[in-house]
Structures are given as structure tokens and as C-alpha cells.
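Engineer: Mind the numbering: the sequence shown is residues -17 to 633 in our numbering, read in order. One structure, as C-alpha cells, below. Some questions next.
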Amino acid sequence: MATDTLKSTPGARGGATGGLRRLLLDNGALTALIVLVIAMSALSGDFLTADNLLNVGVQAAVTAILAFGVTFVIVSAGIDLSVGSVAALSATVLAWSATEAGIPVVLAVLLAVATGIVCGLVNGFLVSYGKLPPFIATLAMLSVARGLSLVISQGSPIAFPDSVSHLGDTLGGWLPVPVLVMVVMGLLTAFVLGRTYIGRSMYAIGGNEEAARLSGLRVKKQKLAIYAFSGLFAAAAGIVLASRLASAQPQAAQGYELDAIAAVVIGGASLAGGTGKASGTLIGALILAVLRNGLNLLSVSAFWQQVVIGVVIALAVLFDTVRRKAGATAPAAGASGGGKGRQALTYVIAAVVAVAVVGATSLLHNGSSAADRPKIGLSLSTLNNPFFVQIRDGAEEEAKKLGVDLTVTDAQNDASQQANQLQNFTSGSLSAVVVNPVDSDAAGPSVRGANQAGIPVIAVDRGVNKADTSALVASDNVEGGALGAKALAEKLGGKGTIVILQGQAGTSASRERGAGFADGLKDYPGIKVVAKQPADFDRTKGLDVMTNLLQAHPDIDGVFAENDEMALGAIKALGSKAGTSVQVVGFDGTPDGLKAVRAGTLYASVAQQPSELGRIAVRNALRAVEGEKVEKMVKVPVKVVTKENVAGFEG
């Protein structure tokens, strides 16, 4: 069985210097975490507060739980790309079972856990008996699980049972339950790897699968169990994540499989198999959480954050390579008592260093006066869409005019990532928060945290449910959808066939615009909707989906797209038909959309004046900070922009 052993090299000897060097090399991930904590503490006085450190723990919890499950797979030289989708599916099954199906909550939880285990068993069967490469088998499960989640939920979030939502709360008013669950799952992982037959089998299979088989291990059955463990941990992570958001999001945990794999690798495991431990995985997850938290507090651009995180992952793996070449390796799961003693000593030294850092940075930041300029945080659902980029630009323009420091974050259409960003805003020294929710329900718990901290919150474009906001600055998506229906129907003379390009499943903007359009069409019974398909608010997907729909419906008369990006993709697919035999109506009034309106290829766009939304939101946030009266609802009128009025329109 392949195990890690602690080796010494001639270069590692030589007194205190050599001992320190060896200590650092043998514990590369822990060293990186300490250095990162020191750096963030020195750069931001908000980092080492008790509330923020608890935030880091909460934000690391879901990734860590997923990563613990992935650790089993990677130690055995496999890979699991499906854990994020399995987490979303398990949470959706729980929420649907307990609400729509009326199943008792306890049974619904067991059903959700069973869902994760079954997904893992399917992965294991495809790898062991189907002889599929783990990458392909789990990639297929990624798609299947995500699709089933959307099918069960019909693309909309499902409210989570209150009894289970307590998993997202705190114990005693200070200890977050997600952190407690993370610790329990970490201890379980360490026990399985270090104290059980299947744990030793994982190391043996990862070290040399053929040798493990020849030594009598039933490798195929062991792999079934290994992937079942991964599915079990994914289900637990999905339940914790949905509890934090108070709803099961069918699109939740997208990309989390990559974070989980990164955490395992940063923690010292090898993708070639045979090495890895629970403590290393936990440290890897904490490194990612500290990095994201600190970059938020430092107001680093959302785009640069992705660059920095990628560089850190690459450096961590590079450091691990250097460490191995230097002859230092991580202690094995079954290491001797002396190895465990050295590891315990390492953690004691790390704790001492951490305490010293806390004291030093506290002195460093004590007495530093707060800046005179108000600080406002703006959390946008995405910056990969011109509409939200215009909101940001308008907000930044107004902030500069009013002398406000504005920090902008990009949630990348991930409700859980936005929850993390809002928590970071709450623990930082911000005067107010402006939020453009990915989902109105999912933003509620984090906004309630800001309410408790006495920080005024302004919602922009979409409201926040079950939380207090000082104001909602928005145009009416439902009204806009109805106006789009009227404009298209009247252009077609009240009769014809049309298709609808829907936005990203589960988002409130897509639901509201679609509902408004459907309601508006009721006044025009001669208009028939022959197809509707999601294109995720994306121009490229709009092009592809429209191209496919034209094969089945070549003689359509009109297209309604729930944003201008999809409308522009549809125009590309329609070619010369756009603006002649087929009329297209978009939504948002983006610069490219208005350009297409001027050219006549896009008949109309329902414009929301996004720049004005951003300006008004910042203006009202500052008023709330200064104690001035703020209107609870600030409406920015929507306008149907056609070729006749586009010349005088400013978006």
C-alpha cells in the first residue's frame, strides 16, 4: 500500500534554520494559510474581527464538505466533477419532497442523502464496471444531476423547510452551524482515511491499482464505496448550502467541483493518487475562503479576483512540486506516533504564530481613524452582461460625484457566492450596501444579517424577500414584459406565431419578464407561442437556440427575448429575416441593443435605463447613511424603444 513518509535530506539538517525550512516544506499548505492570514491582516483592519473570521468559516464550509468527499476519490487516483450538481440535486429533492410532495421532513432529508449516494454509486459503477474514465463518467453525471434538478424544480427556487433551514443559523448566537457541520465531516473524513479498511484501500488503489488488486483487494467494489462516499458528502454540502440560502436553487453550486478539487490539491494531495489527508483539504478550503474574503475587503476588482485565485492555485501546486523534490512529503494516514507528535507540534506552532499575528495587527490597526468618506458596497448578480455593467458604471459615476468609496463585487449569477459577498460587506467597515440579488429569496438571510448590524441596504432592479431594505430602486420587470408583448403583437397586427427566448432558469428577472409577457399576450388571442427555450441571457446561446428553433419552426413571425443579448443572438441566426419577415423584441436597452434598433434589425427593446438605476441606488444609499428620509419604492420608468424614438433615448 502506498503511503506518505516523512523523509529527511542532507539539506534539511543544520540546526534551527534547517529545522524551520523543513517545517515549512513539510507543511506547505499550512504555511501558505499563515502567510495569507498575515498579509490580509496587515492590509485590512476588518479582516481579523471575530465576525469576519466566522464569516470565513461559513464561506469555507460548503467547499470543504464537498472537498472532503472529493478527497476520497482523488486519494484513490480518481476524479469527481459531479459533486456541485449532485449537491444542487440533493437539496432540490429535499425541498420538493418536503413542500410539494408533503413528505415528512425527516424522510425528505433521508431521501436527499440517498439521492447523493445513488449518484455516487452510478459514478462508481460507470468507472468500475463500465470501464469509463472517471473524468467522462462524472462529467456525464454533472449534466444529468443538474438537468434533473431543473426538471424537478421547473427552473425555480423552492423554499426550504424551516426545520432544516436552521442548519444555516448559529448556535448560542455566535457559532455558525455550517462551521460545526464542516468540522464533523472533517473528523469523519480523517477517521475513514486513517482508521478504516476502506481508507487504507483508497491509498493502496491510488498508489498502484494493479498491485492492490493482486494483493487481494476487491478494487471494483471499493470504488463503488469511494464514489458513494463522495455522493454522500455532496448531499450534505447541498443541504447546508440550501439552508444558508433558505431555498433550494436548481443552479446552485455551479463550478464548486473545481473549488473542491483545488482545495484538495492545495492541501497536498496528488492527482496521481496515493496521497492526501483531511487536514490538508480543510486548509486548502480555508485558503480559498480567506483569499476571496480578503480580496472583497480590499475592494479588489471582481475580475482580478479570478486572476489572483488562479495564480494562487498554480503557485500552491508548484510549491508542492518543489517540496516533493526537496524530499519532504506529507505524513501518512497511518503514520507512527513520532510523526503524529511532529504534526501536533506543527499545529501548536501555527496557533502561536496566529495569536502573535492577531496581537500585532490589532496594535497596527488600533488608533487608525476611519476614513471620512462613506463606504458603500455594491453586489451585482453578474458583470457578464451589459445591463449590469451599465448599473455599475452609473453607480461608480454617482459615487465619484458624491465623494463615496464604492466597492463592487460580481456574484457571477451564483446566489451562494453573493451571500458570501454580502456577509463580507457586513463584517467590513461599510456604511451601506447596495444589492442586485441573484435571487430575491436567497439574498434574504444575508440582508437580514446586515439589518442586525444596523447597515442600511438598498435593493436595485430586484427586491429582497423576508428582509428589510431601506429602498428598492427598480423598474417593473412584469410591466416591461407586458409592454414587450403589446409592442410585438401590435407590430404583427395581432396575429402570427412567435417563439420566446428565456433567461437563466431560476432567476427572478426571467420569471417576472416571462410572466409579464404571458399576461400581456392574453389581450391578443391571435398570437400563438409555438416554442420557448432558455438561452441563459447569453448572446452565443441565443444564436444557437434560435438556430435550432428555426429548424422546427421556419415560418415564425416574431421573437421575444428576455434580454437584448439573446435578442442579438437571435438576429444573427435569423439573418436577413430579422426586421423584415420576422420581428424581434428584446429587453434592457443596452448600447448594442439600441444600435440594432437604429439599424432596424431589432424592432424594439424594453429599456430600463440601467445607468440611472445605479445612480439612484447610490444616491439613496448615501441618504440612508446620513439619516435622511428615503422612499421605500423608487420607480425608474421602463420605455419601449423603437426606431422612431431611439434617437433621443439615453440608456
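No residue lacks a Cβ here, since even glycine has one placed at the ideal position from N, Cα and C.
Going by C-alpha distance, which of His535, Ala424, Gly462, Gly463 is nearest Gly478?
Structural biologist: The shortest Cα separation from Gly478 among His535, Ala424, Gly462, Gly463 belongs to His535.
Engineer: What residue does the alpha helix (DSSP H) around Asp241 start on, and which one ends it?
Structural biologist: That run of the alpha helix (DSSP H) goes 238 to 248.
Engineer: From Asn459, Thr522, Ser490, Asn34, pick the residue whose C-alpha is nearest to that of Ser422; which is it?
Structural biologist: Among Asn459, Thr522, Ser490, Asn34, the Cα nearest to that of Ser422 belongs to Ser490.
Engineer: Reducing DSSP to helix, strand and coil, say where Phe542 ends up.
Structural biologist: Note: Phe542 maps to strand in three-state DSSP.
Engineer: Given this structure, state the Cα-to-Cα distance separating Gly319 from Gly176, to the nearest angstrom.
Structural biologist: Because Gly319 sits at a pLDDT of 47, beneath the cut-off of 50, its placement in the model cannot be relied upon, and the following sentence gives the value as read from the coordinates. Each residue's Cα considered, the two are about 13 Å apart.
Engineer: With respect to the alpha helix (DSSP H) encompassing Pro516, which residues constitute its N-terminal and C-terminal limits?
Structural biologist: No alpha helix (DSSP H) holds Pro516; the beta strand (DSSP E) holding it covers 509 to 516.
Engineer: According to DSSP, is Phe519 part of a helix, a strand, or is it coil?
Structural biologist: The answer is coil: DSSP assigns Phe519 none of H, G, I, E or B.
Engineer: Should Ala629 go down as buried or exposed, given a rule of 16 or more other Cβ atoms within 10 Å for buried?
Structural biologist: With fewer than 16 Cβ atoms within 10 Å of its Cβ, Ala629 is classed as exposed.
Engineer: Does the distance from the CB of Thr391 to the CB of Asn278 come in under 8 Å?
Structural biologist: It is a contact, given that the beta carbons lie within the stated cut-off.
Engineer: Counting only runs of 3+ residues fully inside the stretch 164 to 196, write out the beta strand (DSSP E) ranges in chain order.
Structural biologist: The stretch 164 to 196 contains no whole beta strand (DSSP E) run of 3 or more residues.
Engineer: DSSP state of Ala352, grouped into three classes?
Structural biologist: Caution applies to Ala352, whose pLDDT of 44 falls short of 50 and renders its modelled position unreliable; the model cannot decide the point.
Engineer: Please classify Lys383: is it buried, with 16 or more other beta-carbons within 10 angstroms of its beta-carbon, or exposed?
Structural biologist: Exposed, because fewer than 16 other Cβ atoms sit within 10 Å of the Cβ of Lys383.
Engineer: Enumerate in chain order the residues of its own chain whose CB-to-CB distance from Ala141 is below 6 Å, with the five nearest sequence positions on each side excluded.
Structural biologist: Ser229.
Engineer: Let me check one thing: in DSSP terms, what residues is Ile440 bridge-paired to?
Structural biologist: Answer is Val416, Ala453, bridged to Ile440.
Engineer: Put Thr479 into one of helix, strand or coil per three-state DSSP.
Structural biologist: Correct three-state label for Thr479: strand.
Engineer: Taking the alpha-carbon positions, what's the Leu206 to Leu240 distance?
Structural biologist: Between Leu206 and Leu240, the C-alpha separation is close to 22 Å.
Engineer: Gln434 lies in the alpha helix (DSSP H); which residues open and close that run?
Structural biologist: Run containing Gln434: 426 to 434, per the alpha helix (DSSP H) assignment.
Engineer: Helix, strand or coil: which one does DSSP assign to Val100?
Structural biologist: Val100 falls in the helix class under three-state DSSP.
Engineer: Measure the C-alpha to C-alpha separation of Leu227 and Leu71 and round it to an integer number of angstroms.
Structural biologist: Those two C-alpha atoms are separated by around 15 Å.
Engineer: So for Thr572, helix, strand or coil by DSSP?
Structural biologist: Coil.
Engineer: Determine the burial state of Asp539: buried for a count of at least 16 other Cβ atoms within 10 Å of its Cβ, exposed for fewer.
Structural biologist: By the neighbour-count rule (16 or more Cβ atoms within 10 Å), Asp539 is buried.
Engineer: Would you say the stretch 76 to 93 touches the stretch 195 to 204, given that touching needs at least three Cβ pairs under 8 Å?
Structural biologist: Short answer: they don't touch.
Engineer: In the DSSP assignment, the beta strand (DSSP E) including Leu474 goes from what residue to what residue?
Structural biologist: Neither: Leu474 is in no beta strand (DSSP E) and is coded neither H nor E.
Engineer: Please report the distance separating the alpha-carbon of Ile698 from that of Ile269.
Structural biologist: Summary: the structure shown does not reach residue 698, with the chain confined to residues -17 through 633, and so no result is reported for it.
Engineer: So the alpha helix (DSSP H) Val386 belongs to, where does it begin and stop?
Structural biologist: Unbroken run through Val386: none, as it is neither H nor E.
Engineer: I'd like the span of the alpha helix (DSSP H) that includes Gly10, first residue to last.
Structural biologist: Element bounds for Gly10: 10 to 25.
Engineer: Check whether the stretch 456 to 471 touches the stretch 554 to 569, taking contact to mean three or more Cβ pairs, one atom from each stretch, closer than 8 Å.
Structural biologist: These segments touch.
Engineer: For the alpha helix (DSSP H) that Leu35 lies in, which residues bound it at each end?
Structural biologist: From DSSP, the alpha helix (DSSP H) with Leu35 extends over 32 to 57.
Engineer: Go ahead and pull the three-state DSSP assignment for Ser411.
Structural biologist: The answer is coil: DSSP assigns Ser411 none of H, G, I, E or B.
Engineer: Ignore the nearest five residues each way along the sequence and tell me which others in Tyr506's own chain have a CB closer than 7 Å to its CB.
Structural biologist: Excluding positions up to five away in sequence, the list reads Ala471, Gly476.
Engineer: What is the DSSP secondary structure of Gly359, reduced to helix, strand or coil?
Structural biologist: Residue state, collapsed to three classes: strand.
Engineer: When you measure from the CB of Ala487 to every non-hydrogen atom of the ligand FAD, does any distance come out below 7 Å?
Structural biologist: For the structure depicted, the ligand FAD is absent and the ligand set is empty, with no information on it obtainable.
Engineer: Smallest Cα separation from Thr81: which of Ala96, Pro139, Val40, Pro115?
Structural biologist: Among Ala96, Pro139, Val40, Pro115, the Cα nearest to that of Thr81 belongs to Pro139.
Engineer: Is the shortest distance between the beta-carbon of Ala471 and the beta-carbons of chain B less than 8 Å?
Structural biologist: In the displayed structure, chain B is absent; only one protein chain is listed.
Engineer: Measure from the alpha carbon of Gly237 to the alpha carbon of each residue in Leu121, Asn406, Arg355, Glu547, then state which is nearest.
Structural biologist: Of the candidates Leu121, Asn406, Arg355, Glu547, the one whose C-alpha sits nearest the C-alpha of Gly237 is Leu121.
Engineer: Compare the beta carbon distance of Ala94 and Ala234 with 8 Å and say whether it is the shorter of the two.
Structural biologist: Going by C-beta atoms, Ala94 is not nearer than 8 Å to Ala234.
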